[in-house]
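Quick notes on the structure that follows.
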Amino acid sequence: MTEALLVRKACDGDGVAVRALYDRYAPRVFAVVRRIAGDDELAQDYAQEAWIRAIRALPTFRGDARFSTWLHRIAVNSALQALRKAETRRKREAPMPETVAVAPRMGDSLLSQRLESAMDRLPEGMRSVLILHDVEGYTHEEIGELLGVTSGTSKSQLFKARAKMREMLRSLSEAGDSSEQDGAEVWGT
Amino acid sequence: MGHLTLETLARLVDEQPTPDERGHLGSCLHCTAELAAMRHQTESLGDLPDLRPPQGDWDVLEARLLSEGFIQKKGWFPLRSLTATPGWIQAAAALVLFLGGMGLGASVVRDAGADEPTLSSLSDLTPVSDLRPDNLTEAEQVVRMAERQYMNALVRYREMRSVSGRDFAGADPAGRFAALDALVATTQAAVREAPADPFLNGILISTLAERQAALQRVSGNAEWY
Numbered sequence: 001m002t003e004a005l006l007v008r009k010a011c012d013g014d015g016v017a018v019r020a021l022y023d024r025y026a027p028r029v030f031a032v033v034r035r036i037a038g039d040d041e042l043a044q045d046y047a048q049e050a051w052i053r054a055i056r057a058l059p060t061f062r063g064d065a066r067f068s069t070w071l072h073r074i075a076v077n078s079a080l081q082a083l084r085k086a087e088t089r090r091k092r093e094a095p096m097p098e099t100v101a102v103a104p105r106m107g108d109s110l111l112s113q114r115l116e117s118a119m120d121r122l123p124e125g126m127r128s129v130l131i132l133h134d135v136e137g138y139t140h141e142e143i144g145e146l147l148g149v150t151s152g153t154s155k156s157q158l159f160k161a162r163a164k165m166r167e168m169l170r171s172l173s174e175a176g177d178s179s180e181q182d183g184a185e186v187w188g189t
Numbered sequence: 190m191g192h193l194t195l196e197t198l199a200r201l202v203d204e205q206p207t208p209d210e211r212g213h214l215g216s217c218l219h220c221t222a223e224l225a226a227m228r229h230q231t232e233s234l235g236d237l238p239d240l241r242p243p244q245g246d247w248d249v250l251e252a253r254l255l256s257e258g259f260i261q262k263k264g265w266f267p268l269r270s271l272t273a274t275p276g277w278i279q280a281a282a283a284l285v286l287f288l289g290g291m292g293l294g295a296s297v298v299r300d301a302g303a304d305e306p307t308l309s310s311l312s313d314l315t316p317v318s319d320l321r322p323d324n325l326t327e328a329e330q331v332v333r334m335a336e337r338q339y340m341n342a343l344v345r346y347r348e349m350r351s352v353s354g355r356d357f358a359g360a361d362p363a364g365r366f367a368a369l370d371a372l373v374a375t376t377q378a379a380v381r382e383a384p385a386d387p388f389l390n391g392i393l394i395s396t397l398a399e400r401q402a403a404l405q406r407v408s409g410n411a412e413w414y
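Spelled out as C-alpha cells, the structure:
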C-alpha cells in the first residue's frame, strides 16, 4: 500500500493504516523526541503526544512535503513545547557528575551510548540546538524559528554544546573501562 | 598564542579558521587532534541510530486514539464523530463492556454436559454464556457478540419504554444528572490511570452518553438522545 493511500485511510480513521504509519515511523519519532526530552519516561509521553497531534492534524496534510518530514516537524515541535511546559530546566542543569553512568542497551554501540548519555546531561537549550543541528540536520535559521531565537544564538549554543559534549566524552574516556582498553572506540586524544 | 578553546574548535567544525587560528593549528598537535576529535564527535551524532519505542507503546497510543475517536477498530462501534452517533448506540456499546453479557447470561442455564459449540459455528443468537473461548482472539469475538446481543436487547427496551411513555418518568432528572456528573469525574480519573483498559473506557463512554442525555432532560429537551 502506498504511503499516500495509508495517509488517506488513516485520515478516515482506519486503525490499520494508522498502525502501519506508526510501525514505519515510530523509531524515527521516538528517537528525536527521546533526545529532546533527555529522559525515558518523558520521552514516551512526548512521543504519544506527538502521534496524537499528528493524527489529529492529518486532514491538514496536503502532501506538499514528504509525510516523514511533516511528521518529524510535528514531533520536534511537540517535544519542544512539552519540554517548556514541564519546566525541567532545573533538573537538566544540575551539576554534572564526575562520571556519567551509561545504561547498556541492546544493540547500541559504546559510542552511541556515550553520546546519548552525554546529550542527556546537557542543559536544555544547548541540548535542543545540538540535537536539531548535529543529529537532525536542521539549519540555524530553522532552529531559530523553532526555538524563537536568532540564528546567531543558535550557533553560539551549538558551539557551547559541542564543547561541553567534548569535555564529557573526554572525561568518560579518561575514566576508561575495559572495553576501551580493547581500542574499539576511544575518544581521548 | 595559547591553545584554542573548545568553543573555538567547535566553531571550526563548520567554519573556516581565521589566519591566526590556521597558523596555530599548523603548529599545535594538541589542537589539531582536538579538532579532529570534535569533528568525529559531530559526525557521530549525525549517525546515531533511531530508537525503538518501549514495548506496549502502540497499545497505549491505540487506546488513546480510540477513546478520542481518531480511529475505529474493526468490530467496535464507530467512535469517530461521537457527537454524530446516536446516544443510545454510544450507551449500548459501552454499557455492555462492564455488564459483560451478565443480563443475558442469567437467563440461560448452561447444560454442563452438552458439547461446547465452536466459535466458527455460532450466530448472534447463541447465548454468550455458552461459550468458553480458549484464547484472547476468541474472547474478543465473544465480547463483540455480547455487544451485539446486548445492543439488540437495549434497543428493544428503549423502544418499549418510549412507546409506553415511561422513559425514566419516575427519576429525578436533576439528581440523576448530578450523580452521573460525579461518576464521569471518577471514571475519567480511572481512565487517566489506565488509559488502555477497555473496561474503564467502556464505563467512561457510557457514563458520558448517559450524562448528556440527562442534561437534555434537565434542560427541558424532551428528545431522548
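Quick note, the sequences are listed as chains S and E, same order. Position 175 (the first sequence) corresponds to 175 in our numbering; numbering is contiguous. Plus 189 on top of the position in the second sequence (first one is 1) and you've got our numbering. Virtual Cβ for every residue (Gly too), placed ideally from N, Cα, C.
If you draw a straight line from the Cα of E/D236 to the Cα of E/A226, it comes to about 15 Å. S/L169 is positioned such that its CB atom lies no closer than 8 Å to that of S/V129. At least 8 Å separates the beta-carbon of S/R35 from that of S/I143. Going by beta carbons, E/L393 and E/V380 fall inside the 8 Å limit. In the three-state reduction of the DSSP assignment, E/Q261 falls in the strand class. Near chain S, meaning a CB-to-CB distance below 8 Å, no residue of the stretch 366 to 394 of chain E qualifies. The CB of S/M126 never comes closer than 8 Å to any CB in chain E; the least such distance is about 11 Å.
The straight-line gap separating the alpha-carbon atoms of S/H72 and S/V135 is approximately 13 Å. S/S78: member of the alpha helix (DSSP H) spanning F67 to A86, first to last residue.
As computed with DSSP, E/D386 is found in no beta bridge at all.
Within the DSSP secondary-structure output, S/D14 pairs in a beta bridge with E/Q261. Taking 8 Å as the threshold, the shortest C-beta distance from S/F61 to chain E does not fall below it.
Of the residues assessed, E/H192 falls on the exposed side of the cut-off, its CB having fewer than 16 other CB atoms within 10 angstroms. The beta-carbon of S/F67 is placed no less than 8 Å from the nearest beta-carbon of chain E.
Your pair S/S68 and S/A50 does not check out as a contact, with CB atoms roughly 13 Å apart and the cut at 8 Å. Straight through space, the alpha carbons of E/E232 and S/S109 are spaced by roughly 15 Å.
As the crow flies, the alpha-carbon of E/A222 is around 34 Å from that of S/V76. Between E/P206 and S/A47, the C-beta spacing is not below 8 Å. Here the alpha carbons of E/M334 and E/E327 stand approximately 10 Å from one another.
By the Cβ-count criterion, E/S216 is exposed, with fewer than 16 other Cβ atoms from all chains shown falling within 10 Å of its own Cβ.
Interface criterion met: the Cβ of E/R241 is under 8 Å from a Cβ in chain S.
In this structure, S/L111 lies away from E/L234, with their beta-carbon atoms at least 8 Å apart.
Rounded to the nearest whole angstrom, the CA to CA distance from E/A367 to E/V373 is 10 Å. By the CB criterion at 8 Å, S/A10 and S/A17 fall inside the cutoff.
At a Cβ-Cβ threshold of 8 Å, S/A86 and S/R127 do not count as neighbours. By the rule that beta-carbons nearer than 8 Å mark a contact, S/Y22 touches chain E. Leaving aside the five residues that flank S/L147 on each side, none in its chain has a CB nearer than 6 Å to its CB. The Cβ atoms of E/D246 and S/Q44 sit closer than 8 Å to each other. Annotation: the continuous alpha helix (DSSP H) that includes S/Q113 extends over L110 to D120.
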